[in-house]
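What follows is a single structure, written as structure tokens, with notes after it.
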């Protein structure tokens, strides 16, 4: 008899993520354990992430307005600056750049926290106290990510468009009416919900990756650092994959 051939690494990763997702969904039944934690996680993962998200949004709006004016010079009317800034920020750059920024902050924070708890045997202590670690640690963080990423993204979109408008009227000699004309001419309701639905999926992926890497930590402080980096990388990769899937399925 020959030894069974081990599954390829991507297949093992997908299987592990699938099992973890199912276990997390089962842990949703333990409402009494995870419900008290959700509000605090929403503040930590969402509200505390606003400064970096809004900082990125401001300069995204400025750069988009300047680039679009350069691209459109002599080719199309300048009011198309409003259309490009609005469409791009609402549908793509707002959700994706915000998601990538939060993947670094949120994913690393979760992985480092849970990784430290794992190597110091605090997870074992929770089980000894009859707590379900997934209901106590994973579920509230994933739910907070799904709820708060769209909230942060919506504010980032508003700030990014405002920054593009201010840049247009002060640097590009474009009037407010012209900017709004371009913004409204190509606007569709799908532009808003498409970006927010994507950001919710990003929030779930980033927080789940941080939790899984944190709970899989081994090897003391070195292992915490290694899995924290992995959580950020996996979170960013998941965002890009989900972004492509959303464009294929929802548009």
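Residue numbers (our numbering): 5 to 255. In this text, a Cβ means the ideal position worked out from N, Cα and C, and glycines have one as well.
- Bounds of the alpha helix (DSSP H) holding residue 147 are 143-175.
- Out of 168, 25, 58, the CA that lies nearest to the CA of residue 83 is found in 168.
- When C-alpha distances from residue 207 are compared across 156, 118, 198, the shortest belongs to 156.
- If you compare the alpha carbons of 165, 19, 55, 192 with that of residue 180, the shortest gap goes to 165.
- Each of 204, 125, 139, 245 was checked against the Cα of residue 222, and the nearest Cα belongs to 125.
- When Cβ pairs closer than 8 Å are counted between the two stretches, the stretch 196-216 is seen to touch the stretch 114-125, the count reaching three or more.
- In the DSSP assignment, residue 93 falls outside any alpha helix (DSSP H), carrying neither H nor E.
- With respect to the 8 Å criterion, residue 148 and residue 240 are not classified as neighbours on the basis of their beta carbons.
- Counting every other CB atom within 10 Å of its CB across the protein chains shown gives residue 140 a total of 16 or more, marking it as buried.
- Distances from the CA of residue 106 to each of 229, 248, 205, 226 were compared; the closest alpha carbon is that of 205.
- Taking a contact as a CB-CB distance under 8 Å, the pair residue 54 and residue 159 counts as one, their CB atoms being some 7 Å apart.
- For the 8 Å CB-CB criterion, residue 123 and residue 228 form a contact.
- The Cβ-Cβ distance between residue 31 and residue 142 falls below 8 Å.
- The C-alpha of residue 88 is placed about 7 Å away from the C-alpha of residue 72.
- Judged by DSSP in its simplified three-state form, residue 120 adopts helix.
- For a cut-off of 8 Å, the C-beta gap from residue 85 to residue 190 is around 12 Å, too long to register as a contact.
- Under the DSSP assignment, residue 205 falls in the alpha helix (DSSP H) whose first and last residues are 193-219.
- If you ignore the 5 residues before and after residue 119, its C-beta comes within less than 6 Å of the C-beta of 218, 221, 228, 231, all in its own chain and listed in chain order.
- Residue 188 has its alpha-carbon roughly 18 Å from the corresponding atom of residue 96.
- Annotation for residue 231: the continuous alpha helix (DSSP H) segment containing it runs 224-254.
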